[in-house]
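Peer 1: Next up is a structure, given as structure tokens.
Written as structure tokens, this is what we have:
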């Protein structure tokens, strides 16, 4: 998708330092934005830009957020001085504009547009795609929760944009809460995740495809873990909910056979759901029964199934940018070299395409974990606890 003529015309209005560079940044976002923002294919993939470019035509804040993301990403390929200056310039403009917009939100009776919410969502994308530190995304996610919760009770000015923003929030917040729940406004987010009918509303979404249920379970687990001091659950209600979620996922495996007339998107969605389902079941098992060993046949059977499904995806799947979490979870209990190779190869491939350090740093963490397992006395390796392998995720590298 090329940038709309109306947006191109704005280049001369907002261009700093040069119209040519701004056009280059917009072209970069138009080319790579769908890869960062959606797991859809074909026309639905490029259509994701229709949520953003029209808003950028109306709002300098959204335009500056788009230029900020593109400039920082483009620096990975070209470090010329003008580009470096533009990355700093647009980040400053976006931050300043966001502060002004949030101040306006506080003084208004109710929001008249979703520009502030979209800007915060774009900052979350920026901190993910152009990752440096964990703590940079956290205030933006909390701001998103604060902005989104009251909007759920209002008629959106643009229903398709609102649905996309809700889905974007649910993805980013659930996966980030898994590792950083102590720093997030979980009570406010809970009101969003438990909003009546929200899960059904997000079916066949732009980001999650058909995997919405798993993301909602990941959030529930993060919420429960934040309420207990250890993974030994004295609260029977929490324990029952985790057991129920695990049973639900066990009975909800992707029930499809790949047929010649099946669309590539249907296959991709089914495989992606299965990857998330298996990873979530493994993690829930580590919470339910701490006596389970990493080498237990049914655990390694799920790892084998995960790797088998991973091979069904094309080398550059549209879901790649959203696969870090299941790859890391299953990677933590991969003991066969072939399984480790498949997982590390996928993370390397994704990093080469996205250039986000989230993937390279999580791969480095996995390799460190595997080296630790190799140092474990081989006589005790079969008895290595799955629960132990799944610990120490608090404040780990982001997986979004």
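Residue numbers (my numbering): 4 to 403. C-beta: ideal position from N, C-alpha, C; glycine also.
Measuring only the C-alpha atoms, how far is residue 106 from residue 44?
Peer 2: As a position in the chain shown, residue 106 is number 103, starting the count at 1. As a position in the chain shown, residue 44 is number 41, starting the count at 1. Rounded to the nearest angstrom, the two C-alpha atoms are 38 Å apart.
Peer 1: Which ranges would you report for the alpha helix (DSSP H) in the segment 110-162 if only whole runs of at least 4 residues count?
Peer 2: 118-132 and 141-154
Peer 1: Can at least three beta-carbon pairs, one atom from the segment 81-96 and one from the segment 41-57, be found at a separation below 8 Å?
Peer 2: no
Peer 1: What's the gap between the Cα of residue 390 and the Cα of residue 147?
Peer 2: On the chain shown, residue 390 is found 387 positions in, with the first residue counted as 1. On the chain shown, residue 147 is found 144 positions in, with the first residue counted as 1. Near 32 Å, if we compare the C-alpha coordinates of residue 147 and residue 390.
Peer 1: When you compare only the Cα positions, how much space is there between residue 102 and residue 249?
Peer 2: On the chain shown, residue 102 is found 99 positions in, with the first residue counted as 1. On the chain shown, residue 249 is found 246 positions in, with the first residue counted as 1. If I take the Cα positions, the gap works out to 42 Å.
Peer 1: Going by DSSP, name the residue or residues bridged to residue 208.
Peer 2: Residue mapping note: residue 208 aligns to position 205 of the chain shown, counting from 1. The partner list for residue 208 (beta bridge, DSSP) reads 212.
Peer 1: Quick check: the Cα distance between residue 33 and residue 39, rounded to an integer number of angstroms?
Peer 2: Translated into the one-based positions of the chain shown, residue 33 becomes position 30. Translated into the one-based positions of the chain shown, residue 39 becomes position 36. So the alpha carbons of these two residues sit roughly 11 Å apart.
Peer 1: Check whether the Cβ atoms of residue 104 and residue 119 lie closer than 8 Å to each other.
Peer 2: For the purposes of this step, residue 104 is taken as the residue at position 101 of the chain shown. For the purposes of this step, residue 119 is taken as the residue at position 116 of the chain shown. Contact: yes.
Peer 1: Does DSSP classify residue 18 as helix, strand or coil?
Peer 2: Numbered from 1 along the chain shown, position 15 holds the residue referred to as residue 18. Residue placement at residue 18 is poorly supported in this model, since its pLDDT is 47, which falls under 50; the coordinates still yield a value, given next. DSSP places residue 18 in coil when its eight states are reduced to three.
Peer 1: Do residue 403 and residue 179 have their C-beta atoms closer together than 8 Å?
Peer 2: As a working mapping, residue 403 is identified with position 400 in the chain shown. As a working mapping, residue 179 is identified with position 176 in the chain shown. Yes, Cβ-Cβ distance for residue 403 and residue 179 is below 8 Å.
Peer 1: Enumerated in chain order, which unbroken segments of the alpha helix (DSSP H) with a length of 4 residues or greater are wholly contained in the segment 221-283?
Peer 2: 239-253
Peer 1: Could you tell me whether the Cβ atoms of residue 185 and residue 229 are closer together than 8 Å?
Peer 2: Sequence index remark: in the chain shown, residue 185 carries index 182 (1-based). Sequence index remark: in the chain shown, residue 229 carries index 226 (1-based). In this structure, residue 229 lies closer than 8 Å to residue 185 by Cβ.
Peer 1: Name the DSSP beta bridge partners of residue 296, please?
Peer 2: Here the question's residue 296 lines up with position 293 in the chain shown. Note: residue 296 sits in a beta bridge opposite 388.
Peer 1: What residues in its chain sit with their C-beta under 8 Å from that of residue 16, if we drop five residues either side in the sequence?
Peer 2: For the purposes of this step, residue 16 is identified with residue 13 of the chain shown, where counting begins at 1. The predicted position of residue 16 is uncertain, since its pLDDT is 49 and thus under 50; no value can be drawn from it.
Peer 1: Work out the CA separation of residue 110 and residue 363 for me, nearest whole Å.
Peer 2: Along the chain shown, read from residue 1 onward, the residue named residue 363 stands at position 360. Along the chain shown, read from residue 1 onward, the residue named residue 110 stands at position 107. In a straight line, the C-alpha of residue 363 is about 42 Å away from that of residue 110.
Peer 1: Got a sec, what are the start and stop residues for the alpha helix (DSSP H) residue 340 sits in?
Peer 2: In the chain shown, the residue the question calls residue 340 occupies position 337. Run containing residue 340: 340-357, per the alpha helix (DSSP H) assignment.
Peer 1: Please state whether the Cβ-Cβ distance between residue 65 and residue 121 is less than 8 Å.
Peer 2: As a position in the chain shown, residue 65 is number 62, starting the count at 1. As a position in the chain shown, residue 121 is number 118, starting the count at 1. Yes, Cβ-Cβ distance for residue 65 and residue 121 is below 8 Å.
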